[in-house]
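Under the numbering used here, the letters of the sequence shown match residues 139 to 560, in that order. The beta-carbon is built from N, C-alpha and C at its ideal position, and this holds for glycine as well. Report on the following structure.
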Amino acid sequence: MSENPAYPVGLRLSGRRVVVIGGGQVAQRRLPALIAAGADVVLISSSATPSVEAMADGGEIRWERRRYRGGDLADAWYVLVATNDPEANAAVSAEAESRRVWCVRSDDAEAATAWTPATGRSDGVTVAVLTGRDPRRSAALRDAIVEGLRDGTLVAPHHRLAGEGQATAADAPDTGAPLPGVALVGGGPGDPDLITVRGRRLLAAADVVIADRLGPRDLLDELPPHVEVIDAAKIPYGRFMAQEAINAALIEHARAGKAVVRLKGGDPFVFGRGMEEAEALAEAGIPCTVVPGISSSISVPGVAGIPVTHRGVAHEFTVVSGHVAPDDPRSLVDWAALARLRGTLVLLMAVEKIGAIAAALVSHGRPADTPVAIVQEGTTAAQRRVDATLATVGERARAEGVRPPAVIVIGDVVTVGPKRPA
Numbered sequence: 139m140s141e142n143p144a145y146p147v148g149l150r151l152s153g154r155r156v157v158v159i160g161g162g163q164v165a166q167r168r169l170p171a172l173i174a175a176g177a178d179v180v181l182i183s184s185s186a187t188p189s190v191e192a193m194a195d196g197g198e199i200r201w202e203r204r205r206y207r208g209g210d211l212a213d214a215w216y217v218l219v220a221t222n223d224p225e226a227n228a229a230v231s232a233e234a235e236s237r238r239v240w241c242v243r244s245d246d247a248e249a250a251t252a253w254t255p256a257t258g259r260s261d262g263v264t265v266a267v268l269t270g271r272d273p274r275r276s277a278a279l280r281d282a283i284v285e286g287l288r289d290g291t292l293v294a295p296h297h298r299l300a301g302e303g304q305a306t307a308a309d310a311p312d313t314g315a316p317l318p319g320v321a322l323v324g325g326g327p328g329d330p331d332l333i334t335v336r337g338r339r340l341l342a343a344a345d346v347v348i349a350d351r352l353g354p355r356d357l358l359d360e361l362p363p364h365v366e367v368i369d370a371a372k373i374p375y376g377r378f379m380a381q382e383a384i385n386a387a388l389i390e391h392a393r394a395g396k397a398v399v400r401l402k403g404g405d406p407f408v409f410g411r412g413m414e415e416a417e418a419l420a421e422a423g424i425p426c427t428v429v430p431g432i433s434s435s436i437s438v439p440g441v442a443g444i445p446v447t448h449r450g451v452a453h454e455f456t457v458v459s460g461h462v463a464p465d466d467p468r469s470l471v472d473w474a475a476l477a478r479l480r481g482t483l484v485l486l487m488a489v490e491k492i493g494a495i496a497a498a499l500v501s502h503g504r505p506a507d508t509p510v511a512i513v514q515e516g517t518t519a520a521q522r523r524v525d526a527t528l529a530t531v532g533e534r535a536r537a538e539g540v541r542p543p544a545v546i547v548i549g550d551v552v553t554v555g556p557k558r559p560a
């Protein structure tokens, strides 16, 4: 057996009996994939890890709390042997052989009749790699292929094979393939590595990208030359408001049959006008896919060493837009109510109005010595942090020349964490 390569095959285990012998770490790693495949899993083991026990408690598997005994593999299609008892493993293996049940041995690959490949999933595709008895090499190759699919350097074709009734990857639940219409993609706080996997795949498959100034700009340089990149700030507005012009551009390119990505900073629905664009697309009959992004309201404080919540310090945080001053009749924020909260306030788009906002919070009862941190251009190479209090933040922001984009954190969480050098 060792001289011949293993024959690769995909087992369709839905509803079929699979027996797992042993409830330790090996079973803990293998069981989720068997459950996801829809297998009728029976675990036979006198003990199990807490994670495996939770699978049984949740009804995902059936657990018979005992040791293996002859006859346990009756009606099984597949068996995984994962105990530290060589005699029991050999007995299970022998029964599997007599019943012609494919058997995986965690303790002795040479004695097994089946090997488990290193697997990964991306873009509706399952990647499985076998390199004989070298699991580290298998895992490395799998990781390289999956990463290529995720970052767009490898593209899995999406089509039906001519004359075949068999479904291909195109029929799997979509996880990032080129989609009809427009994808509203949250690009995260600025660092290109912080865009979601699906967002990056859709970006790599786009024909047209309409990008915000605050999106992860470095990703645009990775796009193929044929991709049309449009700066949302430079779309000719004419008689339209800026947002109406962006909506019109999205609809125009989508109707031309292009795969369109609207690349936005942070998350599309956190002060990103994403719903306005989704509504415009719906009215025009254009399919719209929303890809959430990492919001700067949480991520930027985090990379600056500030937790927005912390045990014994803050049990809640509130995210507020500061683009309108507290005394402006257009403001929808109840600043008096916010001042009474004990938790963390996170302000976005508030650099210009921070002095007035701080004064309003103090006037409504928030202590003037409440710590404040301003994190400018968070997650990028230009990131910097300016610390102050509500009493001093307006002047500090002016003196330090703070400019947007910046996230402002107000509350005792600002002082949590390792001491910063003076």
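Bounds of the alpha helix (DSSP H) holding Ser437 are Ser434 to Val441.
Scanning Trp201, Met193, Cys241 and Ala194 for the CA closest to the CA of Leu149 turns up Cys241. Taking 8 Å as the cut-off, the beta carbon of Val552 is found closer than this to the beta carbon of Val510.
Where Ile389 is concerned, the enclosing alpha helix (DSSP H) starts and stops at Ala380 to Arg393. Taking 8 Å as the cut-off, the Cβ atoms of Arg280 and Thr257 count as close. Measuring C-alpha to C-alpha distances from Asp223 to each of Ile424, Pro430, Tyr206 and Gly404 identifies Tyr206 as the nearest.
Within a 10 Å sphere around the beta-carbon of Tyr375 sit fewer than 16 other beta-carbons, which makes this residue exposed.
Gly412: not part of any beta strand (DSSP E); member of the alpha helix (DSSP H) spanning Gly412 to Glu421, first to last residue.
DSSP, read as helix, strand or coil, puts Trp240 in strand. Remark: C-beta atoms of Met487 and Ser459 approach each other more closely than 8 Å. The Cβ atoms of Val347 and Val367 sit closer than 8 Å to each other. With contact defined as three or more Cβ pairs closer than 8 Å, the segment 445–455 and the segment 409–416 are not in contact.
Remark: three or more beta-carbon pairs, one from each stretch, lie closer than 8 Å, so the segment 213–229 and the segment 160–170 are flagged as touching.
Looking at the backbone, the Cα of Gly549 and that of Ala506 are separated by about 11 Å.
Collapsing the DSSP output to three states places Lys402 in a strand. Under the DSSP assignment, Pro430 falls outside any beta strand (DSSP E); it carries neither an H nor an E label. Collapsing the DSSP output to three states places Thr257 in a strand.
By a beta-carbon distance limit of 8 Å, Gly325 contacts Pro354. Their separation comes to about 4 Å.
Taking 8 Å as the cut-off, the Cβ atoms of Leu172 and Trp215 do not count as close. For His453, the number of other beta carbons within 10 angstroms of its own is below 16, and it is reported as exposed. Taking one beta carbon from each stretch, the segment 381–392 and the segment 430–440 have fewer than 3 pairs nearer than 8 Å; the two do not touch. Within the segment 523–554, the runs of alpha helix (DSSP H) at least 4 residues long that lie entirely inside it are, in chain order, 531–537. Shown here, Ser276 sits in a helix according to DSSP, grouped into three states. In this structure, Arg200 and Val180 form a Cβ contact; the two beta carbons are roughly 5 Å apart against a cut-off of 8 Å. Shown here, Gly503 sits in coil according to DSSP, grouped into three states, outside any helix or strand.
Pairing Pro406 with Leu322 gives a Cβ-Cβ distance under 8 Å.
Relative to the Cα of Arg504, the nearest Cα in the group Glu538, Thr456 and Trp473 belongs to Trp473.
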